[in-house]
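>
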Amino acid sequence: MINPNDKEPAVKPVLEKEIRTDFQKDMSYGDYLQLDKVLSSQHRLSGHHDEMLFIIIHQASELWMKLILHELSAATACIRRNDLEPSFKMLSRVSRIQQQLIQSWSVLSTLTPAEYMEFRDKLGHSSGFQSYQNRLIEFGLGNKNAHTLLVYQHQTELYEKLTEALDQPSIYDAAIQALAQRGLPVDQGALERDWSQNYEANASVEEAWLTVYRNVDQYWDLYELAEKLVDIGNQQQLWRFNHMSTVERIIGNKQGTGGSSGVTYLKRALDHHFFPELWSLRTKL
118 MINPNDKEPA VKPVLEKEIR TDFQKDMSYG DYLQLDKVLS SQHRLSGHHD
168 EMLFIIIHQA SELWMKLILH ELSAATACIR RNDLEPSFKM LSRVSRIQQQ
218 LIQSWSVLST LTPAEYMEFR DKLGHSSGFQ SYQNRLIEFG LGNKNAHTLL
268 VYQHQTELYE KLTEALDQPS IYDAAIQALA QRGLPVDQGA LERDWSQNYE
318 ANASVEEAWL TVYRNVDQYW DLYELAEKLV DIGNQQQLWR FNHMSTVERI
368 IGNKQGTGGS SGVTYLKRAL DHHFFPELWS LRTKL
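Positions in the sequence shown are counted from 1; adding 117 to them yields my numbering.
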């Protein structure tokens with residue numbers, strides 16, 4: 118008779134015989150990803166428990182931004198050589214990455230004001246405003262502002278990199294050139310301008326995009342490009358809004374650690390819209 122109180126003998130898990138266990142001479146998962154460097158880069162200055170959250174959120178965000186720049190640069194190059202199709206996958210990926218960045222604010226919002234104040238003074242004047250990768254993304258999308266480069270003038274190599282990006286056409290400039298290459302009339306002033314200046318809406322560009330949206334079958338690739346850009350512009354605005362909302366939740370209207378007006382500055386940033394004609398045309402369709 119089987120005693121119901123008897124326990125089944127423990128079964129020792131056995132690895133499949135093909136699974137490799139000796140990495141004395143082979144590259145492992147951790148080696149490939151250089152996890153020794155990645156996971157040893159979180160150094161709390163206060164010793165406060167929640168500072169680890171603050172560091173990892175921002176480090177992870179910078180990694181996602183690096184991937185955005187990788188994809189955005191390649192997509193812009195495709196568009197500039199009038200090879201639109203490959204850019205669509207890259208731009209879809211950018212949009213998905215932006216969703217990850219947006220979600221990160223909800224994780225950071227678990228940090229309460231009282232908890233943040235326990236280590237905020239350890240940040241000194243360091244601030245997310247100084248994120249050069251976020252600045253490169255803004256430049257790549259067309260939001261140019263030469264004044265922001267002053268923050269990086271103490272780092273010569275980085276300053277030069279940002280200056281070069283400031284002077285390059287944005288992905289939207291490349292898209293406008295694609296319109297002209299397809300024979301759609303665009304003012305020369307929109308095609309040959311000072312790329313370091315913030316883009317301003319142009320009536321001929323709006324009319325060209327309206328032609329695309331009214332003749333989708335004829336201009337399917339341009340139409341698809343436009344909608345990909347709208348996705349990215351919308352996600353960037355959502356990221357900005359969630360950033361502002363999270364900062365307001367944690368520090369209220371205090372001045373930012375980098376000297377900005379904090380929430381007030383972030384609210385002003387929301388007034389800027391990427392790819393203006395792609396939004397204004399919707400009223401006229």
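From the three backbone atoms N, C-alpha and C, an ideal C-beta is built for every residue, glycine too. Predicted model only: the values in this text are computed from it and were never measured.
Please classify R213 as buried or exposed, where buried requires at least 16 other C-beta atoms within 10 Å of its C-beta.
Its Cβ having fewer than 16 others within 10 Å, R213 is exposed.
> Could you tell me if G369 is buried or exposed, where buried requires 16 or more neighbouring beta carbons within 10 angstroms of its beta carbon?
So G369 ends up on the exposed side.
> Return the chain-ordered list of same chain residues with a C-beta closer than 7 Å to the C-beta of M182, the five sequence neighbours on each side being excluded.
Correct list, in chain order: Q250, N251, I254.
> Sorted by chain position, which residues of the same chain lie with C-beta nearer than 8 Å to Y276's C-beta, five sequence neighbours on each side aside?
The residues are L266, Y269, Q270.
> Please state the DSSP three-state secondary structure of W181.
Correct three-state label for W181: helix.
> Within this structure, are the beta carbons of F236 and H165 separated by less than 8 Å?
Yes, the Cβ-Cβ distance between F236 and H165 is below 8 Å.
> Is V347 close to chain B, meaning its C-beta is less than 8 Å from at least one C-beta of that chain?
Here chain B cannot be found, since the structure has a single protein chain.
> Compare the C-alpha of V380 against each of A295, Y146, G245, A177 and name the closest.
Considering only alpha carbons, the answer is G245.
> DSSP three-state call for H175: helix, strand or coil?
Residue state, collapsed to three classes: helix.
> Is the CB-CB distance between V333 and L395 below 8 Å?
Not a contact, by the Cβ cut-off of 8 Å.
> So what's Y340 in DSSP terms, helix, strand or just coil?
Helix, per DSSP.
> Among H187, L240, L283, which residue has its Cα nearest to the Cα of A263?
It is L283.
> Which residue wins for smallest C-alpha separation from G257, given the options H187, R299, E202, Q216?
Nearest option by C-alpha distance: H187.
> Cα-Cα, which of V211, L383, R198 is closest to L180?
Nearest option by C-alpha distance: V211.
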